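In the working numbering, the protein residues as written are 11 to 310.
Here the structure comes first, spelled out in structure tokens, and everything after it is commentary.
Below, the structure is given as structure tokens:
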């Protein structure tokens, strides 16, 4: 069930202190979030970049007591107090912000920490992350409940559902022929990995009108020459963060394994921001629409 959050594990922790310093120095104290201005509204801690995006979409950012280190969009979210990486939470850090509710996915933990927070009387909303459109809907609904903004959440969901329906109709109309074989590469280190089934990348590729070039296993595996030769992808898909970690597109293509693929011959590479691509948040309809257009352009 690897997703954007797995990718963020390597970088969010290193960037956390820098981002907080930048937020404090360049924005100034007056630009920091105004936490729970209305005492009647619940104070929230969000543990997921996508969940934090929903809070901002609902206009509930003043209720944010804190966020995790995957919460990088919108830019204002970077200046919020941080509770650490979503898989490495501490009860002390969460409770120190005195939230009324914590909203997280089932990818968050450790579980014992969330149990401790519940025992302290804090409401904990856990959303199942199954890489479906339903996951996005559940995030909107959960934030609406926890933030006491259910009417706004219904309005946002109606808009997002309409946008999603239009995108999927567009993809279906254009996908009657051969679908491009797409390989997602997670490449934030010297040991790149490729995505199989039951991953966010697998679902995203399908939603955008492609076919995952690798199957028969779940999760991620090392990117080997054998795997590349058997996958034979038309397109390589990766995050902009992966390209940055490699030092640019040219250095990325220097990976010897990639030379064994049809995508290498055409230098067919598509990138997208990791949170946008794999976060399963309110920007997902736009992300899939953009990805679909790139698939079409790459195979024209």
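Just so you know, even glycine gets a beta-carbon here, dropped at the ideal spot from N, CA and C.
Quantities reported herein were computed from a predicted structural model and do not represent experimental measurements.
Identified DSSP bridge partners for residue 79 | DSSP output for residue 79 lists no bridge partner at all.
Does any heavy atom of the ligand SAM sit closer than 8 Å to the C-beta of residue 301?
-> This structure lacks the ligand SAM, and indeed carries no ligand of any kind.
In whole angstroms, what is the alpha-carbon distance linking residue 301 and residue 218?
-> Distance between the alpha carbons of residue 301 and residue 218: 6 Å.
Unbroken alpha helix (DSSP H) runs of length 4 or more, entirely within the stretch 45 to 127: which are they?
-> Counting whole runs of 4 or more residues, the stretch 45 to 127 contains the alpha helix (DSSP H) stretches 59 to 67, 101 to 106.
How many Å lie between residue 187 and residue 172 at the Cα?
-> The C-alpha of residue 187 lies about 26 Å from the C-alpha of residue 172.
Name the one or two DSSP bridge partners that residue 133 has.
-> DSSP output for residue 133 lists 111 as bridge partner(s).
Kindly indicate which residue of 159, 277, 191, 228 has the alpha-carbon position closest to the one of residue 73.
-> With respect to the C-alpha of residue 73, the residue from 159, 277, 191, 228 having the closest C-alpha is 159.
Let me know if residue 209 comes out buried or exposed under the rule of 16 or more other beta-carbons within 10 Å of its beta-carbon.
-> A residue is called buried when at least 16 other Cβ atoms come within 10 angstroms of its Cβ; residue 209 meets this threshold and is buried.
For residue 272, write down the residues that DSSP places opposite it in a beta bridge.
-> Note: residue 272 sits in no beta bridge, so no partner.
Skipping 5 residues on each side, what residues in its chain have a beta carbon closer than 7 Å to that of residue 9?
-> In this structure the chain extends from 11 to 310, so residue 9 is not present and cannot be described.
Where does residue 138 land, buried or exposed, given buried means 16+ other C-beta within 10 angstroms?
-> Residue 138 is classed as exposed because its beta carbon has fewer than 16 other beta carbons within 10 Å across all chains shown.
Would you mind sorting residue 244 into buried or exposed? The rule is 16 or more other CB atoms within 10 Å of its CB.
-> By the 10 Å Cβ count, residue 244 comes out buried.
Go through the stretch 202 to 239 residue by residue and report every complete run of the beta strand (DSSP E) that reaches 3 residues or more, in order.
-> Every beta strand (DSSP E) of 3 residues or more that sits fully in the stretch 202 to 239 is shown, in chain order, as 203 to 205, 230 to 232.
For residue 155, the three-state DSSP class (helix, strand or coil) = Correct three-state label for residue 155: helix.
How many angstroms separate the CA atom of residue 181 from the CA atom of residue 190?
-> The alpha-carbon of residue 181 is positioned some 13 Å away from that of residue 190.
Residue(s) in a DSSP beta bridge with residue 191 | Listed as beta-bridge partners of residue 191 by DSSP are 221.
Can you give me the start and stop residues for the beta strand (DSSP E) that residue 282 sits inside?
-> From DSSP, the beta strand (DSSP E) with residue 282 extends over 279 to 282.
Count the other CB atoms within 10 Å of the CB of residue 222; is the residue buried (16 or more) or exposed (fewer)?
-> By the neighbour-count rule (16 or more Cβ atoms within 10 Å), residue 222 is buried.
Indicate the three-state DSSP secondary structure (helix, strand or coil) for residue 249 in the structure shown.
-> The answer is strand: DSSP assigns residue 249 an E or B state.
Which residue's Cα is closest to the Cα of residue 152: 123, 225, 291?
-> Distance from the Cα of residue 152 is smallest, within the candidate group 123, 225, 291, for 291.
Looking only at its own chain, which residues have a Cβ that is under 7 Å from the Cβ of residue 309, when we skip the five neighbours before and after it?
-> Cβ within range, chain order: 190, 244.
Alpha carbon to alpha carbon, what distance is there between residue 126 and residue 90?
-> Going from the Cα of residue 90 to the Cα of residue 126 covers about 23 Å.
If you count every other CB in all the chains shown that lies within 10 Å of the CB of residue 175, and 16 or more means buried, which is it?
-> Counting other Cβ atoms within 10 Å of its Cβ, residue 175 stays below 16 and is therefore classed as exposed.
Which residues mark the beginning and the end of the alpha helix (DSSP H) in which residue 303 is found?
-> Looking at the DSSP string, the run of the alpha helix (DSSP H) that includes residue 303 is 294 to 309.
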